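To keep things clear, I will list the structure first and then write my remarks on it.
2 protein chains.
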Amino acid sequence: MIEVECRIHIKNDGRNFLDSFKIKLLNEIQANGSLKQASKNLNISYQHAWKLIEEINRVAPKPVVNSQRGGLHGGGATITEYGLQIIDEYNIIENTINKITKQINVEINF
Amino acid sequence: MIEVECRIHIKNDGRNFLDSFKIKLLNEIQANGSLKQASKNLNISYQHAWKLIEEINRVAPKPVVNSQRGGLHGGGATITEYGLQIIDEYNIIENTINKITKQINVEINF
Numbered sequence: 000m001i002e003v004e005c006r007i008h009i010k011n012d013g014r015n016f017l018d019s020f021k022i023k024l025l026n027e028i029q030a031n032g033s034l035k036q037a038s039k040n041l042n043i044s045y046q047h048a049w050k051l052i053e054e055i056n057r058v059a060p061k062p063v064v065n066s067q068r069g070g071l072h073g074g075g076a077t078i079t080e081y082g083l084q085i086i087d088e089y090n091i092i093e094n095t096i097n098k099i100t101k102q103i104n105v106e107i108n109f
Numbered sequence: 000m001i002e003v004e005c006r007i008h009i010k011n012d013g014r015n016f017l018d019s020f021k022i023k024l025l026n027e028i029q030a031n032g033s034l035k036q037a038s039k040n041l042n043i044s045y046q047h048a049w050k051l052i053e054e055i056n057r058v059a060p061k062p063v064v065n066s067q068r069g070g071l072h073g074g075g076a077t078i079t080e081y082g083l084q085i086i087d088e089y090n091i092i093e094n095t096i097n098k099i100t101k102q103i104n105v106e107i108n109f
């Protein structure tokens, strides 16, 4: 079965800082308050999750995640007010794109 | 500047076989009739271009490129009738998605 997929990337000055996987990671952090638990739930290493968060915070216009590395539980992590706003905005964009993609998938003729 | 980008992927039974770079490669092959020239124009190795074409033909429902490997000029390559159809279809999809993305980029509030 032929299917069209659209992957959304959000850039700041040409550099990616958000995609669907990073949004999943932010949602897991929001739900668990812990980067360690978030990385477990997504089957990625804590190291990798930390790197993604570092990249998001470095490239985004304002910090998205407040985190403390290490400690007994791998440090706590919370999503900033700005982070919550961009998650909402991303979900709206994704809904719009998904509707169009669904329509395209009905009409395609490959 | 914050910007949303949508990357289109076309899948067959869940496996990608087309994206914007592969479409560029197909367009170069169509314009030059040669995989060697196409790979030069896109600054990729002949080996890499060959691998991409092999992947497209393997996963697509029907062959997209007719190619002969090797020879004095790196072998000739042409796009099949079906290949031309899917390039057209991809361009239509891309136009639709680009219009929506442009609109989203006017409205985003990150």
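Going down the list, the protein sequences come from chains G and C.
Take numbering that gives the first Met the number 0: the last position of the first sequence gets the number 109, and nothing is skipped along the way.
Take numbering that gives the first Met the number 0: the last position of the second sequence gets the number 109, and nothing is skipped along the way.
No residue lacks a Cβ here, since even glycine has one placed at the ideal position from N, Cα and C.
The structure presented is a predicted model; accordingly, all values stated were derived computationally and were not measured.
Original post:
For the segment 19 to 90 of chain C, which segments carrying the beta strand (DSSP E) assignment without a break, of at least 3 residues, lie completely within its bounds, in sequence order?
Top reply: 64 to 66 and 76 to 78
**OP:** Could you check the C-alpha separation between tyrosine 45/C and serine 38/C for me, to the nearest Å?
**Re:** Here residue 45/C corresponds to residue number 46 of the second sequence, with the count starting at 1. Here residue 38/C corresponds to residue number 39 of the second sequence, with the count starting at 1. Distance between the alpha carbons of tyrosine 45/C and serine 38/C is about 6 Å.
Subject >> Bridge partner(s) assigned by DSSP for asparagine 15/G >> reply: Against the first sequence, residue 15/G aligns to sequence position 16. Partner(s): Lys10/G.
**OP:** Anything in chain C within Cβ reach of leucine 99/G, meaning under 8 Å, just list it in chain order.
**Re:** Here residue 99/G corresponds to residue number 100 of the first sequence, with the count starting at 1. The amino acid occupying residue 99/G in the given sequence is isoleucine; leucine does not appear at that position. Those are Thr95, Ile96 and Ile99, listed as they occur along chain C.
**OP:** List the residues that DSSP assigns as beta-bridge partners of valine 3/C.
**Re:** Taking the first residue of the second sequence as position 1, residue 3/C is located at position 4. Note: valine 3/C sits in a beta bridge opposite Ile9/G.
**OP:** Please decide whether arginine 14/G counts as near chain C, where near means a Cβ-Cβ distance under 8 Å.
**Re:** By 1-based counting over the first sequence, the position of residue 14/G is 15. Taking Cβ atoms only, chain C never reaches closer than 8 Å to arginine 14/G, which makes this a no.
**OP:** Taking only beta-carbon positions, decide if serine 20/G is within less than 8 Å of chain C.
**Re:** Locating residue 20/G in the first sequence gives position 21, counting from the first residue. The residue asked about is misnamed: residue 20/G is phenylalanine in this sequence, not serine. For phenylalanine 20/G, the answer is no, since every Cβ of chain C falls outside 8 Å of its Cβ.
**OP:** Examine chain G for any beta-carbon lying closer than 8 Å to the beta-carbon of valine 3/C, and answer yes or no.
**Re:** As a first step, residue 3/C must be located in the second sequence, where it is residue number 4. Yes, valine 3/C lies at the interface with chain G (some Cβ there is under 8 Å from its Cβ).
Subject >> the segment 87 to 97 of chain G / the segment 42 to 62 of chain G touching (three or more Cβ pairs under 8 Å) >> reply: no
**OP:** Take isoleucine 86/C and list the residues in its own chain whose beta-carbon comes closer than 8 Å to its own, dropping the five residues that flank it on each side.
**Re:** Taking the second sequence and counting its residues from 1, one reaches residue 86/C at position 87. So the qualifying residues of the chain are Ile22, Leu25, Asn26, Gln29 and Ile78.
Original post:
Under 8 Å between C-beta atoms, does proline 60/C make it to chain G?
Top reply: Taking the second sequence and counting its residues from 1, the one referred to as residue 60/C is at position 61. Chain G contact via Cβ: present.
Original post:
Thinking C-beta only, is proline 60/G closer than 8 Å to isoleucine 1/C?
Top reply: Taking the second sequence and counting its residues from 1, one reaches residue 1/C at position 2. Taking the first sequence and counting its residues from 1, one reaches residue 60/G at position 61. Closer than 8 Å, so yes.
**OP:** Compare the C-beta of glutamate 88/G against all C-beta atoms of chain C and say whether one is closer than 8 Å.
**Re:** Within the first sequence, the letter at position 89 stands for residue 88/G. Closer than 8 Å: yes.
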